[in-house]
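Here this note's numbering is used: the first residue of the sequence shown is 94, the next is one more, and so on. Heads up, the beta-carbon is just placed ideally off N, CA and C, and yes, glycines get one too. Keep in mind it's a predicted model, so treat the numbers as computed, not measured. Only one structure is covered here, and it is reproduced in the block below.
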Amino acid sequence: MRLITIFLAGLVLAGPALAEPIELTGYAAFQARQKTTCGTTEEGQVRYGIFEGRTYSRVPGEKDRHLFDVLGINVRHCSVVEDKVRGKGFRSVSREIMVYLDPETGEMIDTWENPWNGKTINVLHVANDPVNMRDYRFEKDADGNPSSPWTGRLYGDLIAGSFEVPLFYKNPLGGEYQDYVGGTYHAMEIFNTFYDAKKVMDTEVASIGQSNLAWSRVAQWLPWLEMGNRAGLMVFNATGFSTFDKSKIPTKLMAILERKYPLYLTPPPLLDKRMNETSWTVFRKHMEEKVNNE
């Protein structure tokens, strides 16, 4: 096993620490980042990230509502390159599906009765193609210096990665005067992932096998809900796992994919250069297509 630089930061606490903070540097940091993103250092291995959970509304002055259950999958693989200055690099390309389920029956729904405005709404499930890393992540920067450290928390045999993604950008459904009248999309995605610690930190191990995840999102109303400027937020909370074993895709999810979304059983081509899709850009295309067909 190659030498790995691990810093166990001391915590000044009255009792025992909850976890040992881990910091990997140099090549070990790059490879940990690659394995926790792609599951492996090998090119083209398809990884299935499967998750399930619930979605709630939060409106000022009223009780939270359990709107939907959700079930989804991200299907990805990674390309690998090597640069004379920057060393090894990788890039992930993927597609993802998340479908909305009736919280009482557990069945996928096509329409939804909006309790605030009384409308029967057509459901637009998440079908984002692609969801890619914009650029390659390299072992070194443009000057040949080591990339930033990779940090995690060690809980016995498990190592946890935790990060938040604050989102604040111009809403794709807005017009050219958003800077004057508002219209930004404001949300936060929260990811907590758990891996076999030895497989992440050992640079001789190419694959980390199965890992587990938790995902939450706090966001504005999705556009297909037709909530307009009504005050309130949506809260998503889900757990799941990532695996190279296609047979572990749950039966219900596999049936949905085969019936409605067969494209999402495979990732995009490794050299896919398309712009990423989001729920907002997909909704805009959906509405434009609807108008064109009328």
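- Between the Cα of VAL178 and the Cα atoms of THR129, ASN207, HIS159, PHE231, which residue gives the shortest distance? Answer by Cα proximity: PHE231.
- Select from SER185, ASN225, GLU116 the residue whose C-alpha is nearest the C-alpha of SER172. SER185
- Looking at the unbroken beta strand (DSSP E) that takes in MET368, where does it start and where does it end? Here MET368 belongs to no beta strand (DSSP E), and DSSP marks it neither H nor E.
- Item | Coil, strand or helix - THR198 by DSSP | coil
- Flag this pair as touching only if the stretch 369-379 and the stretch 304-323 have three or more C-beta atom pairs under 8 angstroms; answer yes or no. Touching, per the Cβ criterion.
- Is there contact here, the stretch 222-239 with the stretch 202-210, by at least three beta-carbon pairs under 8 angstroms? No contact exists between the stretch 222-239 and the stretch 202-210.
- Query: Which residues in the same chain have their Cβ closer than 6 angstroms to the Cβ of THR130, if we skip the five residues on either side of it in sequence?
  - Reply: SER185
- Item | For CYS171: DSSP bridge partner residues | SER185
- What residue range is occupied by the uninterrupted beta strand (DSSP E) comprising LEU393? The shown model of the chain, from 94 to 387, leaves out residue 393, and the question about it has no answer.
- Message: Let me check understanding here. Comparing Cα to Cα, which of HIS159, THR134, ALA125 lies closest to LYS291?
- Response: ALA125
- Kindly list the residues whose CB is nearer than 8 angstroms to the CB of ARG147, restricted to its own chain and excluding five residues on each side of it in sequence; keep chain order. HIS159, PHE161, ASP162, VAL163, PRO196, PHE329, ASN330, ALA331
- Could you check the C-alpha separation between LYS181 and VAL174 for me, to the nearest Å? Here the C-alpha atom of LYS181 lies approximately 6 angstroms from the C-alpha atom of VAL174.
- Message: Out of SER300, ASN207, ILE349, which one is the CA nearest neighbour of ARG323?
- Response: ASN207
- Item | Beta-carbon contacts of VAL298 that lie in its chain and below 6 angstroms, excluding the five residues immediately before and after | Shown here for VAL298: same chain residues with a beta carbon closer than 6 angstroms to its own, the five before and five after excluded, namely LYS292 in chain order.
- Query: So what does THR359 bridge to, in DSSP terms?
  - Reply: None; THR359 has no bridge partner.
- Query: What distance in whole Å lies between the Cβ atoms of PRO223 and PRO355, which are believed to be in contact at a cut-off of 8 angstroms?
  - Reply: Not quite, the Cβ-Cβ distance comes to about 16 angstroms (not below 8 angstroms), so this is no contact.
- Per-residue burial, LEU335 [other beta carbons within 10 Å of its own, 16 or more giving buried]: The sequence given here has Ser at residue 335, not Leu. With 16 or more other Cβ atoms within 10 Å, it is buried.
- Out of ALA112, THR359, TYR229, point me to the one whose CA is closest to THR244's CA. ALA112
- Item | For HIS159, three-class secondary structure by DSSP | Strand.
- Message: Comparing C-alpha positions only, which one of GLU282, THR286, PRO242 sits nearest to ALA122?
- Response: PRO242
- Query: Identify the residues that DSSP records as bridge partners of ASN285: which are they?
  - Reply: SER255, ALA307
- Task: Pull up the CB-CB distance for ARG151 and LEU266, whole angstroms please, since I reckon it's below 8 angstroms.
- Result: That belief does not hold up - the Cβ atoms of ARG151 and LEU266 are roughly 22 angstroms apart, past 8 angstroms.
- What span of residues does the alpha helix (DSSP H) with GLY119 cover, start to end? 119-131 is the span of the alpha helix (DSSP H), which, as asked, contains GLY119.
- Message: By the three-class DSSP mapping on this structure, what secondary structure does LYS233 have?
- Response: strand
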